[in-house]
Structures are given as structure tokens and as C-alpha cells.
Amino acid sequence: MSTETLIAGRRARVRRRSLLTGGLAVAVLVAFLTSLMVGNTFYGLDKVIRVILGETVPGASFTVGDLRLPRASLGLVTGLCFGVAGVTFQTMLRNPLASPDIIGISSGASAAAVIGLIVFSLSETAVSLLALLAALLTAGAIYLLANRRGFAGTRLILIGIGVAAMLDSLVSYVLSRAASWDLQMAMQWLTGSLNGATWSGVMPVAIACVVLVPVLLLHERHLGVLRMGDDSAASLGVRVQRTRIVLIVGAVALLAFATAASGPIAFVAFMAGPIAARIVGPGASLTLPSGLIGALLVLVADLVGQFAFDNRYPVGVITGVLGAPYLVYLLIRSNRTGSSI
Amino acid sequence: MIGVQPTVPPSDVARLRRSTAVRLTWLAVGLAVLALLFVLSVAFGTRVVSISDVFSALGGDTSGIAEAAVVKRIPRTVLALLVGAALALSGTTMQAVTRNPLADPGILGVSSGAALAVVAGIAFFGMSDPHAYIWVAIGGAALAAAFVYTVGSLGRDGATPLKLALAGAAISATFSSLVSAILLPRVDVLTTFRFWQIGGVGGATWERISLIIPFLVVGAAICFFSARGMNMLALGDDLAAGLGENVLRARLISAAGAVLLCGVATAIAGPIGFVGLVVPHLCRLLVGTDLRWLLPFSAITGAALLVAADVVGRVVARPQEIEVGIITAFIGAPFFIWIVRRQRVREL
Amino acid sequence: MTHAHSLAAEDITLAYGDRIVVEGLDLAIAPGKITVIVGANGCGKSTLLRALARLIPPQKGRVMLDGASLQHQPSKEIARTLGLLPQRPVAPEGIAVADLVGRGRHPHQRMLARWSPRDYEAVADALAATGIADLADRSVDELSGGQQQRVWIAMALAQETDILLLDEPTTFLDVAHQIEVLDLLTDLNRDRGTTIVMVLHDLNLAARYADELVAVRDGSVHAIGGPDEVITEVLVKEVFGLDSRVIGDPLTGKPLVLPSGRHHVL
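Just so you know, the protein sequences line up as chains L, R and D, in that order. Quick note on my numbering: the first sequence kicks off at 49 and runs consecutively. Quick note on my numbering: the second sequence kicks off at 90 and runs consecutively. Quick note on my numbering: the third sequence kicks off at 644 and runs consecutively.
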């Protein structure tokens, strides 16, 4: 094979991936704008854009500007965070089923948030920070516990499942002691919801996104090499431990901030990576596409949850119920192809 | 290469005989501990009762407040005993059938299947008869178990512990979402369900106990009679078949027993995790892996564990109670982690 | 062209936790030659190779590359000189052959840089040298064991290192592929002057292909030298605990070990 053919082949692959990623970004934009337009009252695109640009439009400004815009923005950034965090974990642990919401990190954030809200009645910001701290501690504890004579992804996943069970029972216990008026708010922490989104809630997550996602993107090449095993990666000059810590801390922080703002939206972190891989192609740089898929999932699921049924369901229930069959399908497919599990 | 020794040296025979004595001793110890815990459970609680009061209440004298408390606690203790034994038996059987040290009704999503079935029954079919709950829960448990096992055993290596655990976690999450979806708009069902979901033995009555006893007896009998078959299964499918065991049938029958026990226990007390996971490991350390000894010992230990957890739950947060499901999760999870750390990674 | 780099272990002790595997070992790797490390199971040969590859830091002593300790040089720089093919490499799911081979260029690439023309050249050369150019767009998962091993070797080639370490590169291959891989490595050594250090299981293949043989026993170097000096009946007994006859291989002229046993020996 000549060098030219090689170059051409690779350029074609890269171009295709960029186009698909661009397409995903457009889809996210469409979903975002749709969330702003659709509702009990429909507002046309022109009105919506004028509100975004800062104009005061009678009637629309409140509904679109103060209600829908924060909600859609929250959905966008949390989806982005969940998607990026999920795919980073799955890639690092070389296992599509090793998602941070399965291995207990979301549970840690939820437990802290629930305790902060119900037991100590803390403010929103305080709860976010508490959730972040708890998520980092949980991740650290799981990592340390699993790190016996070397790092083993299998062991980490299993320990994470155990920790998740323990923390989930803690969440259940605290919720069972909750007075009924706390219950509705507390249900959010079991399923994840965009209800009552405010700018003060969106801000921390947005900042986390802006800061951390580029960091993870920068390390994406290292991540690609890490996928070949610690030995290969080390022999290719990757500082394995350091890279791993940066990636884990980055992913956990994204997850914690997002969970603190919206609760653990089920399955988004789980699904985003594999779906992105199917669209953009495997073995490619998945971080950005996964983030976009995550955002798309949350926005679309929230639309469905609000308007598709008689009852209004929080976004977490929709992603849980819709995500479940896909998840099982993924399990069956990856088990059948005998891929590394 | 493999040297075949023609005779077993006399010292080995003596060792075998001795270990039977050891096992009997442990069995006796277990029973003694259980009896002690029984008394403790009846004595302790939001109000401490003296031993003499306990005995007088057992004797039939129910006049005083203390005696009345005892009378209330006895069915609760009996229920904890039965549920603990059932869960432990179920877990032991599951671990033997799947050859998986990490099998447990909770982790394998079986409890969540039972929960989903009960919720669906209440919400969509207006079920209110406890008898119906039990049947439906068993059905849900069986479905979940079949699902998890099928999904977890596809692919090259068959049902490895990791794949089963992940399948179980995924299916648990799935069923939990479905439960949430069903419950959220139905606030009345939500409140009653919420308490069941945590897993507790409060609200035990003799009526409920008598309801589940036939199921428990059948399930336990199935497990005990499958003990020899499961011993064979432990050698690996190929070897077991070579030794004349019908592998598929043995596995199905044992699994049926395990699912039955788990379904019934979950139906009556809610999903209680980790008992089925941790008890077999502990018991294996003491009495070995022969299921004919392991099963009864697990049952006794499981009963003791749950009664103890219930006592702790009643005493620690006086005057409130912490449900037994929370206690077992808190004690069980560190044990689970310890077990995972002990295993060599290749085995997983 | 490659420059001769020197790789040496000085009085190293290697341990996993409390378990000492190698103690007080000295070894200088002959530059530009093929060195094969042999020994019984568990003698420490893989551990030694991994220490030379900088994967295991020595508890005591140092591994020196060109006179400087490995621990004190930046990872990426070392990766341009020293390449490793580990025993069980993991291929990311669904990756194309050309992309996987391209990963070998990682030490030569900067953080955000695209592939340079040099990168493309190196990959094309590596694919041609290992004879898998026509597989470039295929997914690595679909290939046979022998083909996959060639892909990993191509990746190591694309890394363009002067020293190549291989941990049992032939263990999972059938006989034809074993010879193919070892011949390929010999080409590499002869054409490019690459120093090759490998752990081999098969004593006879080791005798055939090695310029220098290192026999490891219980964590220390038992013998080092050319195949004729090292492969003797006495040594085979000492290192492997095996009775044998050693004759000259009629095909290659190198020593051939014929193991004795309890059955079938005339």
C-alpha cells in the first residue's frame, strides 16, 4: 500500500467523522430550539431567537426566557456532562458497561444531595458542592479499594456495584424518613429531573463543562493509547497513572456537577458512548460525539416526558424506561460478539 | 505426569472423619447462637424487657405491658428467622448453580423483578390480596432470573461473575425505572410501596407467616434435595455430565428452588440484599463446600444474621427503627467488597 | 538508520509487593544483536523484560539506557528509543489496522498534532515490512491470531525505535506463524540494525534465532553467551530440570535440544 492510498483512506475517515459530529451538533441545536418553542403555548422561532438575543418580547420573555431557557440549558449542559463522563469511564475501563452511574459514583452524589437537602436543609449551591465532594470521595474510595497489586477494571466494576448498592440503600433510608412535602423534591434524586431549573442551578454545570471538557478533549489521544492496555500505553510513552487520574477526576467532576443540578438522569452516561460509537464509528475520538448524544438524549427525553403522555414525567423516568430496552440490547449484542467484558 | 496414588493414607481418612465432627460442632454452635438471638430479639426493642418476662410470655401469660411487647415481637422474630433462612438458602443455591461467588438475589436483579411484578399487579390489576402478591412476586423473580442469566451467559465465556453482575445491575436499573414510571403518578400506591421497598419485617403477623410457610417448605425441600446434584455441578459442566449428572435438569430444578425462596421472601419483606451473598461465603469458611452441610448451616446463619440485623435496627436508633434491609446493606456491602478483593482477578 | 543504544540492568532487585522475583541481577544487552531470554516458568524472565521496558521500577539498582537511568528520563523520549510488545496486548474494539499501527507513532506526535507526512511514511513502511498492507482498512478483531500478531509488530515498527523488546511473541501462534514472525524480526535486525530482546518459551527456537542467549534461573542470570556455549545438556538440566540430548540441528547447524522422558526413549 502506498503512502498516498494510506493518506487518502485516513483523510476520508477523518472527514466522515467530522461531518457526522457536525450533524450531531446541528441535531442538538434543533432539539434545544424545539424545547424553547414547544409548550402549553407555542412560540415561533423568530420570537424565541429574539428572547435569546435579549430583547423583551411581551408574553414570550417570561415563558421562554425565564422558564424554558434555563430548563433547556440545564438539559443541554447536564446531557453534555453525562455523555462525556460516561464515555471516558467506559473507555478507560475498556468496558461499555462500566459507566459511572452503575459503579456507584452517581449514588455517592445522590446520597450526599439527599442528605444535604432533607437532613440539613442546605441551599442549592451547598448541595452541589457537597455532591461534588461525595462523588470524588466515592470514586477515590472505589479506586483505592480496587487497586490491589495493580489496577484491574473487573474488580473496580464489581466493587463499584457493591458501593452503589450500599449508597442506594442510604438514599432509600433517608427518603423514607422524609416528610411528604420533601418527597417530590426528593424523588428527583432517585430519577433525575429538570423541573424547577434556574440560572443559579445551570451556572455551576455550565462552568464545569467549559473548563473540564476541553481538558478531557486534550487528553483524548492519550486515552486512545490507554485502550491498548497499560503495558502498551506505557511503552508508547503515556504516563499511565497520571493520565488515568486526570481523566477520572475530570469525568467524576463533570458527573458530580451534573448530578447535583439535575439528579442522576438514568442511563444517559451509560448509553451516550455506545450510541456515539455506532454513529461515528468505533476506534474514533468519541468524547465530543458522546457529549452531543448525551445532550440530545436529555433534551428529547424531557420533551417526551412533558408532552407525550397525560402525566408529566421527569426526564429520568423517560430515559430509564426508554433506555432500558436499548441497554439490554447492548448487553446481548456485546455478549454475543464476545467482546471484552 | 499425574501420579495416581493407589490408596488413601490413613491420616487423610482420619482427617475426613474429624471434619465431620467439626461440622457437627459448628452446626450446634449455629443453633445455639440462633436461639440466643431469638431471645435477645424478643427482649430488646424500643422497650427493654427482662428475661423472666420473656419466659412468662412464652409460657402464655400476656397480662403485663412487657409480656404484650414480647407477644408482638415473637412473630416478627419468627418472620426474620424464616426470611433470613430463605434468603441464605437462595443465595447459596444461586452461587452453586451459577458457579459464581458473587451471586445474590439482589445483585442479580431478581428482587427488583419481584418488586416490579408486585407494583404492576397493584397498579394495573388492582391486586390487594397478599396471597396474590406472593404468586406475582415469584413470577416476577423467575422472569428476572431467567432474563439475567440468559443475557449474562451469551458470548464466549459463558456466565462469568462480572457479566452476571452487570446484567443484574442493568436489569435492576431497568426494572427500578419502570417501577418509578408506574408509581410516580399514583401517589397513594407510592407511599405504601415506599416502605415495602426498603425491606423490613415490621408488621409481621401470624397470618402472613402461615401464608408463606408452604412456599418456604417447598423451596427449601427443592434446594436440599438438589444438594448432591449441585455438588456435581461445582466440578464443571463437562465433568459433571461425565459423572452421570443431567446438568441442565439439575440446574433448572435448583434454580427453581432458589427463585421460589427469593420470590417469597421478597414478597413478604421487600427486597433485602446481601444476606444471600455474604452468608454462603462465611459458612463455606467454617463447614466447607459440600452442599449437604452448607445448606442447613447457611439457613441457620442466615436466620441468625437477619434476626441480629433486626435487633440492631430496633436498638440503634431508638425510639425509631431502621429497617433490616438498610442494616444488611450497610454490613453486607463492605463484606462484598472484601470478598471481591480476596478473589484473584482471573477468577472473576 | 539506527544508532547503537546501550541498555543494561545494574544490580537490580525486582519484587511484586513482598515477593522478590529477581535479586542482584546484572545484564548488559548487546547493541545491534538479537538477545533471547530463556528460563523455566516463574524464573523471572518476563519480570526482567518488563523492568528493561520500564514497566516495573526496580526496588534496588538501576536500568540504564545510554548510561542514564530509565527512571530519570521522560517517558516520551524513552518511547522513541525503546519499544515493547507485551504478552497479551489489547486491541480496542473495532479499530482499523492502519489506525492501530498508527498508534505506534504516538511518541513522535505532539498533543494536538495531526498525522505528519513522516507518520504516514512510517506506517506505510511498517505495513509493507510485515506484509499486511492489504489488510490496512480491515478491523483488527476480524483477523486471525497470526495476522493480529503481525499487526502488533507493525505497530512496534511504526514506533521506529532502535531497541525492541518482545514478551513471548510466538506463544499463541502455530508453528508456521512462529517461524514467520521470528524471520521478520531477524530481517528487522539485519536491515535496520534494531536491537532485539525477547523472551521465548521454546528453547530450540531460541537457539536458532539468538545471537546471544540469557538463561535465567531463580531470578538471576545463570548463563549468558552464544547458543553453542549456553545450550548444553548440563545447563538444560540446571535451568529447566530436564534430562536431554543436545545435538547439532541438521538444518541450521545450531544446537537442538531433544528432551528425554519416561516413555518412548530408545
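Built from N, CA and C at the ideal position, the CB exists for glycine as well.
With contacts defined as CB atoms closer than 8 Å, Ile839/D and Leu831/D qualify as a contacting pair. Using a Cβ distance threshold of 8 Å, Gly134/L and Ala317/L count as a contacting pair. Looking at the DSSP output, Gly682/D shares a beta bridge with Val859/D. If you check the CB distance, Ala212/L and Gly164/L do not come in under 8 Å. Listed as beta-bridge partners of Pro902/D by DSSP are Ser887/D.
Per DSSP, Val665/D is one residue of the beta strand (DSSP E) stretching across Arg662 to Ile672. If you look at Leu725/D, you'll find it in the beta strand (DSSP E) that goes Leu725 to Leu728. Annotation for Tyr763/D: the continuous alpha helix (DSSP H) segment containing it runs Pro760 to Ala772.
Taking 4 residues as the minimum length, the alpha helix (DSSP H) runs contained wholly in the segment 113–154 of chain L are 117–140, in order along the chain. The beta carbon of Ser176/L sits closer than 6 Å to the beta carbons of Pro252 and Ala308 from its chain, once the five residues preceding and following it are set aside; these are given in chain order.
Per DSSP, the unbroken alpha helix (DSSP H) holding Ala393/R starts and ends at Leu380 to Val405.
With a cutoff of 8 Å on beta-carbon distance, Leu215/L and Gly156/L are scored as near each other.
Following the DSSP letters along the chain, one finds Val706/D inside the beta strand (DSSP E) bounded by residues Lys703 to Leu708.
Contact between Asp892/D and Leu899/D holds: CB atoms are separated by about 4 Å, below the 8 Å threshold.
Against His749/D, the close residues of chain L are Arg269, His270, Gly272, Val273, Ala281, Leu284, Gly285 and Val286, in the order they occur along the chain (beta-carbon pairs closer than 9 Å). When beta bridges are read from the DSSP output, Val864/D appears opposite Val859/D. Its Cα nearest to that of Leu384/R, the residue Ser343/R stands out among Tyr222/R, Ala398/R and Ser343/R. Going by C-alpha positions, Ala767/D is about 20 Å away from Asp784/D.
For Gly726/D, the nearest CB of chain L lies under 8 Å from its own CB, placing it at the interface with that chain. Between the beta-carbon of Pro360/R and that of Ser200/R there is about 3 Å, and that keeps the pair under the 8 Å contact cut. With fewer than 16 neighbouring CB atoms inside 10 Å of its own CB, Ala647/D falls in the exposed class.
Each residue's CA atom was taken as its position, placing Thr136/L and Asp279/L some 19 Å apart. For Met841/D, the enclosing beta strand (DSSP E) has its first and last residue at Thr838 to Val842. Sequence-distant partners of Val396/R (beyond 5 residues in either direction) whose C-beta falls short of 7 Å from its own C-beta, in its chain, are Leu126, Phe127, Ser130, Thr166, Ala169, Leu170 and Gly173.
Looking at Val96/L, Leu264/L, Phe130/L and Val62/L, the one whose alpha-carbon comes closest to that of Leu115/L is Val96/L. Ala739/D sits in a strand when the DSSP states are folded into three classes. Pro194/R has a beta carbon lying at 8 Å or more from every beta carbon in chain L.
Beta-bridge analysis with DSSP links Tyr659/D to Arg662/D. Any Cβ of chain R closer than 8 Å to the Cβ of Ile209/L would place that residue at the interface, and such an atom is present. For Thr773/D against Pro701/D, the beta-carbon gap comes to about 33 Å, at or over 8 Å, which does not count as contact. Assigned with DSSP and collapsed to three states, Glu823/D falls in helix. The distance from the Cβ of Asp854/D to that of Ile677/D is about 5 Å, consistent with a contact at the 8 Å cut-off. In the DSSP annotation of this structure, Ile699/D is not part of any beta strand (DSSP E), being labelled neither H nor E.
Bounds of the alpha helix (DSSP H) holding Leu185/L are Glu172 to Ala194.
Following the DSSP letters along the chain, one finds Ile806/D in no alpha helix (DSSP H) but inside the beta strand (DSSP E) bounded by residues Ile806 to Asp810. Between Val879/D and Leu885/D, the CB-CB gap stays under 8 Å.
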